[in-house]
Amino acid sequence: MSKKSIVDKIEINRRGFLKSSAFLGGSAMLMSQLGCVQKKLDEMSKSGELSKYVLAKPEHVIYSVCLQCHTACNIKCKVDEGILLKIDGNPYSAQNMFENLPYNTPVDVAARVDGKICPKGQAGIQSLYDPYRIVKVLKRTGKRGENKWKAIPFEQAVKEIVEGGYLFKDVPGEENRKVKGLRDIFKVRDPKLMKQMAKDAKALAEKKMSWSEFKSKYAGKMDLFANPDHPDAGPYNNRFVFMAGRIEHGRKEFMKRFMKDCFGSVNFYEHTTICEQSHHIGFHEMFGKHHLKPDLMNAKFVIYFGTGGFEANFGPPPISEKLTAGYTERGMKIAVVDPRMSKTAAKADYWVPIRPGTDAAFALAMGRYIIETNRYDKKYLSAANYKAAYSINETTFTNATHLVKIEKDGPAGMLKPSEIGLSGDFVVMKDGKPVAGKEKGDAVFGDLFVDTEINGIRVKSGFQIYYESTKSRTLKEWANICGVPVEQIITLAREFTSYGKKAAIDLYRGPVQHTNGYYNATAIIALNLLIGNVDWAGGLAVGGGHWHEYGGKKGNPYNMKKLVKGKLGHFGYPVTREKTKYEKTTFFNGYPAKRPFYPFTGNVYQEIIPSAYEGYPYSIDCLMIHKGTPAFSAPAGHVFIEMLKDVDRIPLLIGSDIVIGETTMYCDYIFPDKAIWERWGFSHPTPDNTVKVSKVRQPVVEPMTDKTKVFGQEVHLGMETLMYAIAEKLNLPGFGKDGFGPGMDNYREEDFYLKLAENLAMEGTPVPDADSREIDVFFKARKHLSKAAFDVMKVKESENWKKIIYVLNRGGRFEHTSKAIKGDKLAHQFKKKINIYMEKVATTRDSMTGKRFYGYPVYVPAADMFDRPLNQAGYDLQLISYKEITGGQSRTVGDYWMLDLYLDENFILMNSKDADRLGLSDGDVAKLVSPTNPDGVWDLKNGMKIEMKGKVKVSEAIIPGTVAVSWHYGHWAYGSHDVIVDGKVVKGDKRRATGLCPNAAMLVDPVLKNMCLTDKIGGSASFYDTRVKVVKA
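The opening position of the sequence shown corresponds to residue 277 in my numbering, with each subsequent residue numbered one higher.
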């Protein structure tokens, strides 16, 4: 697109927009940049230079990282006169060009080669120049959610949130409300005291110290604890909670360091449980690794459960080319198991329209057929340790042959050799006799099918337990649960086992955002083990990984974990009670617990607000929401709104974002953040990349936000600036002079992020030095950036500055695709033990029922927190959601190019059988209602209610009995509605309010009553277990 059309588009977007200086649309910054470009255009027009594509020169290119979706593609940003004019893919990265350019390709050559990027990535220009971006701090002048604001100086806002006081004395009803500031919450400041408190609290929980001893020791100091009745819950500092939506590596480590090491709070959260956390936990309990993917470049057959390659996943730019190339050039076959015919399913060899949530049933049926027809890899599964695996040309082994003790309530812990008079790590049966072995000892092979007693102890092999789970129902019964023919199960099972190791199964969000999501995940993953495909070319890949920006590896000059001068430390339980065993806390008082504990998972996003609201395990004083919108994006997120409005339960509510969002509209203060093209980050790759990829997000253009001074440094407002300012006010450890240690100051974000870039440059074999040409290009490409945006001369503070430039000039560090394969296997290998039986899960009790979890793949129906079946009588359609390629989470609604290109609204997708039965036709307007939202509305608790209604789309591309609504429409903020700032109305853009968001229809758990249904093992929020009615509006 030409520069002239970019300018025109931006001008159109801001036309008619109230010139409020709090927003980008009314700011001098945007107008000055537009003026510069127009001047340049006029000059070029007069000189006839329009025919020259200046953007193909490296001086006009800065490589960075997208974040319009979680794929985080490497991007090439083309800039002129300080304006971002075009976004393409980075040709140095294997993620965005196949094959990628060799890493040593000169920047002059790379500037003329563009990689691939999706529509969201290209439309990022409109997110950057969104006129509804906030550039100043906003403080509410009305009640929470009324959308009445005033712009205030950054320095004043920081002082207010740090010092507290009568901050809202001008708001009716809050005249006498005194708010605790962060200084009040930052109670424990001595690292030695923090450590002693942690030690004593642990002793109390373990009953090694009595209550009387504890109270005597801390007499007059019990207020140092977040909950004096439960000191093991941690220090008072834990009452500051940071709740992030899309935060990625680099920023994630920055904020973990701030919260845990410097402020002393355990409460740092990402959003993962509303994305696909149970997928990660399933892999983690089986592999000890959170994520594996098929090697698409060599696979002959791939099955996708609830995901694909052409819309979401990780994501179309890296995956779609591999799929289409494999499909058209290598005869690769694809199957998609999904209630909806996605774009991937439409191109696949097999589409299996399964009932939502029955993925484990389908996978177990496949497993049964594969075992009973001897189509599994017996040799691989019989190997019980490393040397056994190596002896048969394998790199991994499983615990399929390891013996498990069977107790009255089912399989429990592994049989220890010492329990039968042997020594070693595990026990197998071999030819009817028990044999002990060590994982790193002599080769041991075992029997797969074992059900016996040894010295009076009933045992079964891990594989026997798995097989019994598969045959707990007949194939016909499994098929009836799934709603598919038996023949379809058999066909996929036979196809999957017809290519040796060159087949793999992928899963993502679809199967796991259910209450049974973890079990669905493990049942699907286990199928890969039946053919032993891990580490094989065409099998399941651990990915190429990355160089380690946070240090701790050979060659890294900085181990960032250790560079926290005066590190405070932290202890206690997260407010969500994640990674915590109920029985080991002072809260234990039989079953059920007041709210669930989540011993296996983390980042339980949907639990943060209701747990804080209920004060379990403790109350909070300040919640900071960053780049996220839980009220909009979580299932049943509407229930959070009333909690967020309660100024007594959540006394201080801070937002950090680029806009006024659906949740931050309820905040007390909103601090403007930098957009992704203005800041730093170090996003990690996914296993789909089978070679090493390290990404660097870096400032491309001058940030649009206001400037301020922190630690004497002039900087733009953003999340990091806010945290540096808080650190300066509170004199936090790890910041300021010598913040990283003697001679290593930490005054601004470059002090942090350039160390991460240097670690990438130096690890292992260091990258080359940038030559004189590259150095010249580096500085010329950034000549439009002020010191406040990026003090480029700070690069030269390191003796390795030329290597840092080499990395930044390429947007990261990248291995070539030719390094992916080594013989018949992948070059980057997992090479570890894999669990088909998960002992840790099997020996842990559910805090809500007291029953042990299943330690093996199993099918269980959707249920509430007490494991009771869901009562949804009278609601006949199961609701699911999905993403289009043009939508990324909540933040692409202002990218009008995509609305023009594709759809300006979404719809309720329904099978013709259901439509006919309900008397609905294509294009009719209908509403979603559910058992916990019978009115079918979003009640914003500010006098505004939004009905969940949209147009019906009748199609055979969805299974009868199911309706689907795509995500990323139905906004009530993000510039979609009017707000009042400084007494003036800023008009909303109705284009942003089109369509519907179905999340408020999703079930509230009947036990907890203030949170959605949730997977108690994996932590995933349930998006797909709700049944609705679709009624004509």
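For every residue, glycine included, the Cβ atom is placed at its ideal position computed from N, Cα and C.
Could you check which residue in the options has the C-alpha nearest to that of residue i?
{"i": "Ile741", "options": "Asp1140, Thr1120, Met1114", "result": "Met1114"}
{"i": "Tyr874", "options": "Tyr858, Pro886, Asn865, Pro868", "result": "Tyr858"}
{"i": "Leu300", "options": "Val1304, Glu978, Thr728, Ile1222", "result": "Glu978"}
{"i": "Gly828", "options": "Leu839, Asp1291, Lys663", "result": "Leu839"}
{"i": "Glu439", "options": "Arg1267, Ala1001, Thr381", "result": "Ala1001"}
{"i": "Leu404", "options": "Pro448, Val447, Ile393, Cys353", "result": "Cys353"}
{"i": "Leu928", "options": "Asp466, Asp949, Tyr889", "result": "Tyr889"}
{"i": "Leu1284", "options": "Glu990, His1247, Asp1143", "result": "Asp1143"}
{"i": "His506", "options": "Lys619, Lys412, Asn865", "result": "Asn865"}
{"i": "Ala509", "options": "Val851, Gly421, Pro593", "result": "Val851"}
{"i": "Asp1265", "options": "Pro570, Lys903, Trp1248, Phe1090", "result": "Trp1248"}
{"i": "Lys569", "options": "Gly821, Asp1045, Pro1042", "result": "Gly821"}
{"i": "Val464", "options": "Arg871, Ser541, Asp1014", "result": "Ser541"}
{"i": "Pro511", "options": "Pro467, Thr347, Lys716", "result": "Pro467"}
{"i": "Asp1200", "options": "Lys1225, Lys1217, Thr1208", "result": "Lys1225"}
{"i": "Leu572", "options": "Thr649, Asp811, Ser694", "result": "Asp811"}
{"i": "Arg1086", "options": "Gln1105, Ala1033, Lys1116, Thr1041", "result": "Ala1033"}
{"i": "Leu331", "options": "Ser369, Asp384, Pro761, Glu450", "result": "Asp384"}
Cβ of residue i less than 8 angstroms from any chain B Cβ?
{"i": "Asn661", "result": "Absent from the structure is chain B; it holds one protein chain and no more."}
Return the CA-CA distance between residue i and residue j, expressed in angstroms with no decimal places.
{"i": "Gly776", "j": "Met1069", "result": "55 angstroms"}
{"i": "Gly1170", "j": "Ile901", "result": "21 angstroms"}
{"i": "Gly1259", "j": "Lys415", "result": "12 angstroms"}
{"i": "Asp1301", "j": "Thr1162", "result": "25 angstroms"}
{"i": "Asp933", "j": "Thr939", "result": "10 angstroms"}
{"i": "Met485", "j": "Gly957", "result": "45 angstroms"}
{"i": "Gly722", "j": "Glu715", "result": "13 angstroms"}
{"i": "Ala802", "j": "Asn1022", "result": "47 angstroms"}
{"i": "Cys538", "j": "Ser1062", "result": "29 angstroms"}
{"i": "Asp635", "j": "Lys855", "result": "26 angstroms"}
{"i": "Arg785", "j": "Lys1078", "result": "42 angstroms"}
{"i": "Ile595", "j": "Pro1210", "result": "40 angstroms"}
{"i": "Lys478", "j": "Phe544", "result": "21 angstroms"}
{"i": "Gly1010", "j": "Gly1017", "result": "8 angstroms"}
{"i": "Ser327", "j": "Ile359", "result": "Here the model assigns Ser327 a pLDDT of 47, short of 50, so the residue's position is not dependable, and the following value carries that caveat. In a straight line, the C-alpha of Ser327 is about 19 angstroms away from that of Ile359."}
What residue range is occupied by the uninterrupted beta strand (DSSP E) comprising residue i?
{"i": "Asp1052", "result": "Looking at the DSSP string, Asp1052 is not in any beta strand (DSSP E); the run it does join, the alpha helix (DSSP H), is 1048-1057."}
{"i": "Cys538", "result": "Element bounds for Cys538: n/a, residue is neither H nor E."}
{"i": "Lys356", "result": "For the record, residue 356 in the displayed sequence is Asp; it is not Lys. From DSSP, the beta strand (DSSP E) with Asp356 extends over 350-356."}
{"i": "Ala813", "result": "No beta strand (DSSP E) contains Ala813, which DSSP labels as neither H nor E."}
{"i": "Lys1238", "result": "Correcting the residue type first, residue 1238 is Thr in the shown sequence and not Lys. From DSSP, the beta strand (DSSP E) with Thr1238 extends over 1238-1242."}
{"i": "Pro593", "result": "Per DSSP, Pro593 belongs to no beta strand (DSSP E); it is in the alpha helix (DSSP H), 592-605."}
{"i": "Val762", "result": "Segment 762-772 is the alpha helix (DSSP H) holding Val762; no beta strand (DSSP E) there."}
{"i": "Ile682", "result": "679-683"}
{"i": "Lys830", "result": "First-last for Lys830: undefined, no H or E at that position."}
{"i": "Gln1154", "result": "1153-1158"}
When the distance is taken between beta carbons, is residue j closer than 8 angstroms to residue i?
{"i": "Arg616", "j": "Ile682", "result": "no"}
{"i": "Asp1291", "j": "Tyr794", "result": "yes"}
{"i": "His336", "j": "Asp364", "result": "no"}
{"i": "Tyr1250", "j": "Gly1271", "result": "no"}
{"i": "Leu946", "j": "Ile410", "result": "Looking at the sequence shown, residue 946 is not Leu but Ile. It is a contact, given that the beta carbons lie within the stated cut-off."}
{"i": "Ser1094", "j": "Pro1274", "result": "no"}
{"i": "Phe366", "j": "Asn372", "result": "A small correction: the amino acid at residue 366 is Asn; Phe does not occupy that position in the sequence shown. Yes; because the gap between Cβ atoms is below 8 angstroms, this pair is in contact."}
{"i": "Arg522", "j": "Lys830", "result": "no"}
{"i": "Glu670", "j": "Gly808", "result": "yes"}
{"i": "Ala1138", "j": "Thr791", "result": "yes"}
{"i": "Val1134", "j": "Phe1183", "result": "no"}
{"i": "Asn513", "j": "Asn1111", "result": "no"}
Below 8 angstroms on the Cβ atoms is my guess for residue i versus residue j; work out the distance and round it to an integer in Å.
{"i": "Thr1337", "j": "Gln553", "result": "Because residue 1337 is not part of the residues shown, which for the chain are 277 to 1309, the question remains open."}
{"i": "Ala387", "j": "Pro334", "result": "4 angstroms"}
{"i": "Arg420", "j": "Lys921", "result": "5 angstroms"}
{"i": "Val455", "j": "Leu443", "result": "5 angstroms"}
{"i": "Ile766", "j": "Tyr645", "result": "6 angstroms"}
{"i": "Arg1128", "j": "Asp685", "result": "6 angstroms"}
The alpha helix (DSSP H) that contains residue i, what's its start and end?
{"i": "Thr620", "result": "619-623"}
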